[in-house]
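Worksheet for the structure shown next.
Protein chains in written order, with the numbering used here: chain A, 1 to 322; chain B, 323 to 708.
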């Protein structure tokens, strides 16, 4: 068991970091919305799922069917990222407008928000399984199985660490996630809308008094979180080359776990939590076997919430949880 | 942080109650004033109706396309019993449990494992199953019930998935293939009440005896839940649901009562699982997916969380409608999702809410009011002028 861990250590580390960076990007959406609204946006997993289909749609429109290289690759990558960001960000904004805003105005209970989110989540999943995938992606009768995504890059080893080979796709995912994290950090800490977001997270009433337009801030929060999920979705389809209507469910819960692990409401915490969860899962899988991968993640979630619900870095986008 | 303050002089709850009176409420008031014999007659009629339900003439209307008695057992009967169990947790104590199916699964697997390995009979096993599932409720609850609201929801969701995945990965209990040839309950007597109906003979073909078993369990559980609701325990749950901090300050040992709600809910879920496994002969891990938890929760919320008749109605509708309108079966979950969102916007208290819960929802405080703090100033003003 531990021999497996030792012999697989470096390959596991690389896999874990790549998967963990996708968790981290999705976790941002949970963490931002939680920071501002103290609401777990349960439907965020579907925001990610729709992002993967946005990326696939962009590929179909571009007519890319096989690996491309050089500048074409960079261009295609940017376009599918943009397509996924539009799809995801749009979905997140729609969710806020349709499923949450009315409840917010009514000052509804947390239960109402969560149930509305579950409803929206089920609705979007089934919408894709029943309508969008069969019709929009020309797969009649097959809405519930995996949809293959054309490979965008030749996956080849770049260099090796220890006895493990680092492939270009894994490096791309990792670097892409880190870059987006830095961009987001700059947005939240340096821009006007970022200041609005932080102000609302700290004290919504004072923020209103200081002239912050809360509805706009909330909308931007959903938009930015959704766009990050879109980036994650684009990287996901490049790395795994498939998607399905159900893809968001597990990834969503794991990203939420990552957000909680890092300290929900804390943007840097999402990165730390995502990478930590990815690594733990990868090491655990190399010890116990891949069929236990999800059980490991769920157990981590339960354990973290039991022993350190404030997460590794604590909550920082707003004050401590009420 | 901020609860909406009422400025009109009457108490906020009463003001909210006045605002939301509907024909349902008038019916409920009549029911509240009705003398004992009327109530008992109605109870009697309801039970008789439940016993007569699996007849062919009813089935011809209720489910022309599939065997009505089978549907009455699963999904309808099972959903009703599960919903009553979940209602204790969600409706009464106000704890959001997204992994309720775990206890259903545990009950089912206890029946399957003990029934096939040790050869005990159903009546012995159901006792053990209830104990084990409520114990698992306590084991899950003890560390997690200190968490609030939506955290608890996610942890329970995780737990539900852990139970299913562990069952899937453990070869000792059949792995993904599950467990076969689970024994039926022993026959209690082979009397025939009407031709072809032996209500106490549990075989493979006739689903009606199992349905009657569920009805009997439902009646027992309803009486139990009802007595609890009217007791000190029920009042403690209501207090926790409305404002946990206030309850704690008033001397309610909130943690212990939350644990109790979890254990009772789990026990009911476990008992349902036992009957389910005994009827189905074989169970597989995929009988217990997350979507089942969500469905039962939808039933509770749709019917009117916290109000037993409402919850039963909700579970009945959620179990029956997809079977009645088979053509829409594919769209069942889609509609569910849409209806859930719509319900939360239009009528968050459910179809048949209890009056207390309607008031709580109208006031927006139940289960930790939120969102008010992020509402715009105009919206807040609207809230306070009510």
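Cβ coordinates follow ideal geometry from the N, Cα and C atoms, glycine included.
Since we're looking at a predicted model, the values are computed, not measured.
Asked, Found
"Counterpart residues of residue 189 of chain A in DSSP-defined beta bridges", "Its beta-bridge partners do not exist; DSSP assigns none."
"Between the CA atoms of residue 426 of chain B and residue 499 of chain B - distance to the nearest angstrom", "18 Å"
"Buried versus exposed, by CB contacts within 10 Å (16 or more), residue 655 of chain B", "buried"
"Bridge-paired residues (DSSP) for residue 166 of chain A", "A/159"
"Three-way DSSP call (helix, strand, coil) for residue 310 of chain A in this model", "coil"
"Helix, strand or coil at residue 330 of chain B [DSSP, three-state]", "Low local confidence applies: a pLDDT of 44 at residue 330 of chain B is under 50, so the model's placement there is unreliable, and no value is given."
"Sub-8 Å separation of residue 414 of chain B and residue 628 of chain B beta-carbons", "yes"
"Nearest-angstrom Cα separation, counted from residue 268 of chain A out to residue 186 of chain A", "12 Å"
"beta-carbon residue 26 of chain A near the ligand SAM non-hydrogen atom, thresh 7 Å", "Although the ligand SAM was asked about, the structure shown includes no ligands whatsoever."
"Helix, strand or coil at residue 688 of chain B [DSSP, three-state]", "Bear in mind that the predicted position of residue 688 of chain B carries a pLDDT of just 42, short of 50, making it too unreliable to give a figure here."
"Segment contact, 8 Å Cβ cut-off, at least three pairs: the region 504-514 of chain B with the region 565-580 of chain B", "no"
"Cβ neighbours of residue 562 of chain B in the same chain (closer than 7 Å, five flanking residues each side left out)", "415, 416, 569, 574, 576, 579, 580"
"Amino acids of chain A, ordered along the chain, whose beta-carbon sits closer than 8 Å to that of residue 429 of chain B", "Neighbours of residue 429 of chain B on chain A: none; closest Cβ ~21 Å, over 8 Å."
"Residue 219 of chain A (DSSP reduced to helix, strand or coil)", "helix"
"Proximity test, Cβ basis, 8 Å: residue 286 of chain A and chain B", "no"
"is_contact[residue 614 of chain B, chain A] using C-beta, thresh 8 Å", "no"
"Cβ-Cβ separation, residue 96 of chain A to residue 222 of chain A (assumed contact under 8 Å), whole Å", "4 Å"
"Buried or exposed by the 16-neighbour rule on C-beta atoms within 10 Å, applied to residue 472 of chain B", "buried"
"Of the residues B/564, B/657, B/455, the one placed nearest residue 678 of chain B, counting alpha carbons only", "B/564"
"Rounded separation between residue 194 of chain A and residue 592 of chain B - CA only", "49 Å"
"Meets three-Cβ-pair contact criterion under 8 Å: the region 80-97 of chain A and the region 51-68 of chain A", "yes"
"Minimum C-alpha distance to residue 14 of chain A - residue among A/26, A/275, A/65", "A/275"
"Chain-ordered residues of the region 439-465 of chain B with a beta carbon less than 9 Å from chain A", "462, 465"
"CB contact below 8 Å: residue 636 of chain B versus chain A", "no"
"Cβ pair count under 8 Å reaching 3, the region 21-29 of chain A against the region 249-259 of chain A", "yes"
"Of the listed residues A/67, A/273, A/8, nearest to residue 314 of chain A (C-alpha basis)", "A/273"
"Pairwise C-alpha distance: residue 286 of chain A and residue 8 of chain A", "7 Å"
"Residues bridged to residue 516 of chain B (per DSSP)", "B/519"
"Beta bridge counterpart(s) of residue 243 of chain A as assigned by DSSP", "A/147"
"Cα-Cα separation, residue 511 of chain B to residue 529 of chain B", "16 Å"
"Nonlocal neighbours in the same chain, by C-beta distance under 6 Å from residue 318 of chain A, ignoring five residues either side", "Low local confidence applies: a pLDDT of 46 at residue 318 of chain A is under 50, so the model's placement there is unreliable, and no value is given."
"Contact belief for residue 477 of chain B with residue 251 of chain A at Cβ below 8 Å, rounded distance in angstroms", "Contact doesn't hold; Cβ gap of about 18 Å is too wide."
"Extent of the continuous alpha helix (DSSP H) to which residue 498 of chain B belongs", "Element bounds for residue 498 of chain B: n/a, residue is neither H nor E."
"Rounded C-alpha distance that separates residue 381 of chain B from residue 523 of chain B", "22 Å"
"Short Cβ contact (8 Å threshold) for residue 180 of chain A with residue 220 of chain A", "no"
"Residue 605 of chain B in three-state terms, based on DSSP", "strand"
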